[in-house]
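Going down the list, the protein sequences come from chains A and B.
Under numbering that gives the first Met the number 0, think of the first position of the first sequence as 0, with each following residue one higher.
Under numbering that gives the first Met the number 0, think of the first position of the second sequence as 0, with each following residue one higher.
Glycine residues also receive a C-beta, built at the ideal position from the N, C-alpha and C atoms.
Everything below concerns the one structure shown next.
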Amino acid sequence: MPDLRELYQEVILEHSKAPRNYRELATANHRAEGYNPLCGDHFTVYLDLEGDSIRDISFQGSGCAISKASASMMTQMLKGKTRAEAARLFDHFHKLVTGQSPANGNGNRAELGKLTVFSGVSEFPVRVKCATLAWHTLQASLEGKQDTVSTEQPAHTE
Amino acid sequence: MTTAAKRLARESHLADVREIGAGFDVQKVRRDFPILRRRVGDRNLVYLDNAATSQKPQAVIDAISQYYELDNANIHRGVHFLSERATEEYEGARKKVQLFLNAADASEIIFVRGATEAINLVAQTHGRTNLRAGDEVLISAMEHHSNIVPWQILCEEKGARLRVVPISDSGELMLEEFGRLMGPRTKIVAITHVSNALGTIVPVQRIIEMAHRENIPVLVDGAQAVPHLKVDVQAVDSDFYVFSGHKVYGSTGIGVLYGKSALLNAMPPYQGGGDMISSVTFEKTTYNKLPYKFEAGTPHMAGAIGLGAAIEYVNGLGMDNIAAHEHKLLAYATETVSAIPGIRLIGTAKEKAGVLSFLLDSIHPHDIGTILDQEGIAIRTGHHCAQPVMQRFGIAATARASFALYNTREEVDALVEGIQKVREVFA
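Structure (structure tokens):
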């Protein structure tokens, strides 16, 4: 069995209890909604884009510890970044949580910085959708997409 | 083991089960379910997700494999030995279901894929024939999506209206509101017998009485009821009663629609094909009699036979014994879980069966589920395919432990310890 402490690291729990940049952004010129109805995770990501760079970013909503902490830390990491840098970081993050990132530190990991606390998610495949919801929502917001984003399969039965 | 020996073993095994009847011995019962010996990582499996699907006793597994080993052939067609055997077994299963529900006649038992298909069948045949623009379908606020969406589809097609009986804060159906919402435009009432998200037992007999006074037929969704309660469709005078085999220890892919023969006879067929006809020309097809009119195509014979074995198994233990055991277990779970600081139970109706839905502080149910899973404890987290119930309580999801006849007090204790662990992780 994978280790629970690998998933629920202190940093993740702390962010889930006290999320950063957790507010509606008055200056936002982009926003997108992410919703995983099976879990009930529901977030809005707000962006203040100036030209190519993210001047400010925030989020609001509710969800599990993993999804909330991921959203919180994403906003911290992306403030001041360009679109291309954000896309690159998402790519690294996605590889990290899906276990496609090499185990020992390399360039990707260095770039990910404290986001590496999410590496434990790769041992819990059903939780990948939680960790990536905010990021997919951000991507939609950057692309100006109107549809609500989901990282889970809609079909499900009792 | 030879097949004959297997059959003997199965028969003596059933005799064992009958003995238990008097004093329900849960440890003995557990030995009938091979999967309960399974380990999850280094833990014993604690399976508390029975409202999603139940585990299968050896008797059911054997009945299905023996069907394929000994009797498999297509039914109602061949003159050969195996076809006769298969037909006999399949129709024998129908008879067992008839007695299980106390239906007046075996031809009132239609085999379908599950409760969902049964409800769709009724909506698309009885509903489509009888609903006009402006008519109403009455359901409750605690229906599973399978007893909402088929009616929505029908209402949309017909320009009819779906009306919803509210539930109280404890998760009980508001009977007065039900009486008030029934009117001259109400063409059918569709109501759950036991709520899958809350565990509430709905007083279906009262509801049916009230509806019948207005000459409104009632469909009862018994998916969560048949594993826990004795059901008598004639005593409650239900017009339609549906359930899924896999929730009552049978396999997936098999379920039952019970309908009063007068209603079923008046309904057009649901699907066309083989077996549902008595004669076909390009000009005209004459439909077969009940129940075959509604069983187009080769049915799930093994599933039906497995369901028959599941019913035999349940009967062998005695539904009264099962209900008494589960009632005690649910009471114990309710008491011990609600004593944990930060617990909020969702669904506190006086009459409940099988389900304990809860929240823990502001911890998301999905996190609870992951941590319990590490302890080998399987529960369900999410909206339980009953999103309107979640909306009613202003929540996104719950954690749900649901019980079956093989669950024990020790497993409830494991659940309580698991929840304590969740509290520690999130302390």
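Quiz prompt | A/His-29 - DSSP class collapsed to helix/strand/coil | solution = Here residue 29 of chain A is taken as the residue at index 30 of the first sequence, counted from 1. In this structure, A/His-29 counts as strand in the three-state DSSP scheme.
Quiz prompt | Under 8 Å (Cβ pairs) to chain A, residues found in the stretch 362–381 of chain B | solution = Ile-362, His-363, Pro-364, His-365, Asp-366, Thr-369, Ile-370, Gln-373, Thr-380, Gly-381
Exercise. Would you kindly check if the distance between the Cβ of B/His-192 and the Cβ of B/Gln-223 is under 9 Å?
Key: Stepping through the second sequence from its first residue, residue 223 of chain B is reached at position 224. Stepping through the second sequence from its first residue, residue 192 of chain B is reached at position 193. Yes. Within cutoff.
Exercise. Please name the residue in B/Lys-95, B/Pro-183, B/Pro-56, B/Met-173 whose C-alpha comes closest to that of B/Val-201.
Key: Here the question's residue 201 of chain B lines up with position 202 in the second sequence. When each option's Cα is compared against that of B/Val-201, the closest is B/Met-173.
Quiz item: Apart from the five residues just before and just after A/Gly-62, which ones in its own chain have a Cβ nearer than 8 Å to its Cβ?
Solution: Taking the first residue of the first sequence as 1, we reach residue 62 of chain A at position 63. So the list reads Asn-35, Cys-38, Gly-39, Asp-40, His-41, Phe-42, Ala-70, Cys-129, Leu-132, once near-sequence residues are dropped.
Self-check item: Option nearest B/Gly-67 by Cα separation, candidates B/Glu-135, B/Leu-256, B/Val-39, B/Ala-303
Solution: By 1-based counting over the second sequence, the position of residue 67 of chain B is 68. Strictly speaking, residue 67 of chain B in this sequence is Tyr, with Gly absent from that position. Nearest C-alpha to B/Tyr-67: B/Ala-303.
Practice problem: Figure out for me which residue from B/Arg-399, B/Arg-422, B/Ser-106, B/Arg-391 has the closest Cα to the Cα of B/Asp-168. | Solution: As a working note, residue 168 of chain B is residue 169 in the second sequence. Among B/Arg-399, B/Arg-422, B/Ser-106, B/Arg-391, the Cα nearest to that of B/Asp-168 belongs to B/Arg-391.
Quiz item: In this structure, does DSSP put A/Gln-59 in helix, strand or coil?
Solution: In the first sequence, residue 59 of chain A corresponds to position 60, counting from 1. If DSSP states are grouped into helix, strand and coil, A/Gln-59 belongs with the strands.
Quiz item: Does DSSP put A/Leu-163 in a helix, in a strand, or in coil?
Solution: With chain A running from 0 to 157 in the structure shown, residue 163 of chain A is simply not present.
Quiz prompt | CB of B/Thr-297 within 9 Å of CB of B/Val-411, strictly | solution = In the second sequence, the residue the question calls residue 297 of chain B occupies position 298. In the second sequence, the residue the question calls residue 411 of chain B occupies position 412. Going by C-beta atoms, B/Thr-297 is not nearer than 9 Å to B/Val-411.
Exercise. List the residues of chain B whose Cβ lies closer than 7 Å to the Cβ of A/Ser-61, in chain order.
Key: As a first step, residue 61 of chain A is located in the first sequence; it is residue number 62 there, counting from the start. Among the residues of chain B, those whose CB is under 7 Å from the CB of A/Ser-61 are Ala-395, following chain order.
Self-check item: A/Glu-246 - partner residues in DSSP beta bridges
Solution: This structure gives no information on residue 246 of chain A, because the portion of chain A shown stretches from 0 to 157.
Exercise. Could you spell out where the beta strand (DSSP E) holding B/Asp-220 opens and where it closes?
Key: Residue 220 of chain B sits at position 221 when you count from the first residue of the second sequence. Note, B/Asp-220: beta strand (DSSP E), 217–220.
Quiz item: In the stretch 0–28 of chain A, which residues sit with their C-beta less than 9 Å from some C-beta in chain B, listed in chain order?
Solution: Met-0, Pro-1, Asp-2, Leu-3, Arg-4, Leu-6, Tyr-7, Leu-12, Ser-15, Lys-16
Practice problem: Check each residue of the stretch 37–61 of chain A: if its Cβ is closer than 9 Å to any Cβ of chain B, include it; give the result in chain order. | Solution: Leu-37, Cys-38, Gly-39, Asp-40, His-41, Ser-61
Exercise. Quick one: grab the DSSP three-state call for B/Ser-237.
Key: Counting from one through the second sequence, the residue named residue 237 of chain B turns up at place 238. DSSP places B/Ser-237 in coil when its eight states are reduced to three.
Quiz prompt | Euclidean distance between Cα positions of B/Gly-158 and A/Trp-134 | solution = In the second sequence, residue 158 of chain B corresponds to position 159, counting from 1. In the first sequence, residue 134 of chain A corresponds to position 135, counting from 1. Each residue's Cα considered, the two are about 41 Å apart.
Exercise. State the start and end residues of the unbroken beta strand (DSSP E) segment that holds B/Thr-251.
Key: On the second sequence, position 252 is the one that residue 251 of chain B refers to. It is not in any beta strand (DSSP E) - B/Thr-251 carries neither H nor E in the DSSP assignment.
Practice problem: In the DSSP assignment, find the alpha helix (DSSP H) that holds A/Ile-11 and state where it starts and stops. | Solution: Here the question's residue 11 of chain A lines up with position 12 in the first sequence. 9–16 is the extent of the alpha helix (DSSP H) around A/Ile-11.
Quiz item: Since B/Tyr-286 contacts B/Ile-276 with CB under 8 Å, what's their CB separation in whole angstroms?
Solution: Here residue 286 of chain B corresponds to residue number 287 of the second sequence, with the count starting at 1. Here residue 276 of chain B corresponds to residue number 277 of the second sequence, with the count starting at 1. About 6 Å; that satisfies the 8 Å criterion.
Quiz item: Does the pairing of the stretch 108–117 of chain A with the stretch 41–59 of chain A give three or more beta-carbon distances under 8 Å?
Solution: Too few Cβ pairs lie closer than 8 Å, so no.
Quiz item: Between A/Gly-119 and A/Gln-8, is the Cβ-Cβ spacing less than 9 Å?
Solution: Within the first sequence, numbered from 1, the residue matching residue 119 of chain A stands at position 120. Within the first sequence, numbered from 1, the residue matching residue 8 of chain A stands at position 9. Yes, these two residues count as a Cβ contact at 9 Å.
Quiz item: How is B/Val-164 classed by DSSP in three states: helix, strand or coil?
Solution: Your numbering for residue 164 of chain B matches position 165 in the second sequence. In this structure, B/Val-164 counts as strand in the three-state DSSP scheme.
Quiz item: From B/Val-164, B/Arg-127, B/Tyr-312, B/Glu-87, pick the residue whose C-alpha is nearest to that of B/Leu-69; which is it?
Solution: By one-based count along the second sequence, residue 69 of chain B stands at place 70. Of the listed residues, the one whose Cα sits closest to B/Leu-69 is B/Glu-87.
Quiz item: For B/Gly-20, which three-state DSSP category applies?
Solution: In the second sequence, the residue the question calls residue 20 of chain B occupies position 21. Confidence is the limiting factor: at B/Gly-20 the pLDDT is only 43, short of 50, which leaves the residue's position unreliable and the question unanswerable from this model.
Quiz item: How many angstroms separate the CA atom of B/Glu-508 from the CA atom of B/Thr-380?
Solution: Chain B is shown from 0 up to 426; residue 508 of chain B falls before or after that span and cannot be answered.
Quiz item: So, is the C-beta of A/Ser-140 closer than 9 Å to a C-beta in chain B?
Solution: The sequence position of residue 140 of chain A within the first sequence is 141, counting from 1. Not closer than 9 Å to any Cβ of chain B, the Cβ of A/Ser-140 fails to qualify, so no.
Exercise. Measure the C-alpha to C-alpha separation of B/Ile-63 and B/Ala-301 and round it to an integer number of angstroms.
Key: In the second sequence, the residue the question calls residue 63 of chain B occupies position 64. In the second sequence, the residue the question calls residue 301 of chain B occupies position 302. Those two C-alpha atoms are separated by around 5 Å.
Quiz prompt | Cβ shell of B/Gln-204 (< 8 Å), same chain only, five flanking positions each side left out | solution = Residue mapping note: residue 204 of chain B aligns to position 205 of the second sequence, counting from 1. Contacts found: Ala-234, Val-235, Asp-236.
Self-check item: Residues that DSSP places opposite B/Asn-43 in a beta bridge
Solution: Counting from 1 along the second sequence, the entry for residue 43 of chain B is found at position 44. B/Asn-43 pairs with B/Arg-38.
Practice problem: Starting from the C-beta of B/Ile-394, find all residues in its chain whose C-beta is less than 6 Å away, skip the five residues before and the five after it, and write them out in chain order. | Solution: What you label residue 394 of chain B is simply residue 395 of the second sequence in a count that begins at 1. Closer than 6 Å at the Cβ level, and outside the excluded window around B/Ile-394, lies no residue.
Exercise. Consult DSSP for A/Tyr-21 and reduce its assignment to one of helix, strand or coil.
Key: On the first sequence, position 22 is the one that residue 21 of chain A refers to. If DSSP states are grouped into helix, strand and coil, A/Tyr-21 belongs with the strands.
Exercise. Along the beta strand (DSSP E) that carries B/Arg-399, what are the first and last residues, could you check?
Key: Locating residue 399 of chain B in the second sequence gives position 400, counting from the first residue. Per DSSP, B/Arg-399 belongs to the beta strand (DSSP E) from 397–401.
Self-check item: Endpoints, the beta strand (DSSP E) within which B/Ile-118 is located
Solution: The residue given as residue 118 of chain B occupies position 119 in the second sequence. Where B/Ile-118 is concerned, there is no enclosing beta strand (DSSP E), although the alpha helix (DSSP H) it sits in stretches over 114–121.
Practice problem: Report the rounded CA-to-CA distance for B/Tyr-248 versus B/Leu-197, giving the unit in angstroms. | Solution: What you label residue 248 of chain B is simply residue 249 of the second sequence in a count that begins at 1. What you label residue 197 of chain B is simply residue 198 of the second sequence in a count that begins at 1. If I take the Cα positions, the gap works out to 21 Å.
Self-check item: Those runs of the alpha helix (DSSP H) which lie wholly inside the stretch 116–149 of chain A and span at least 4 residues
Solution: 127–141
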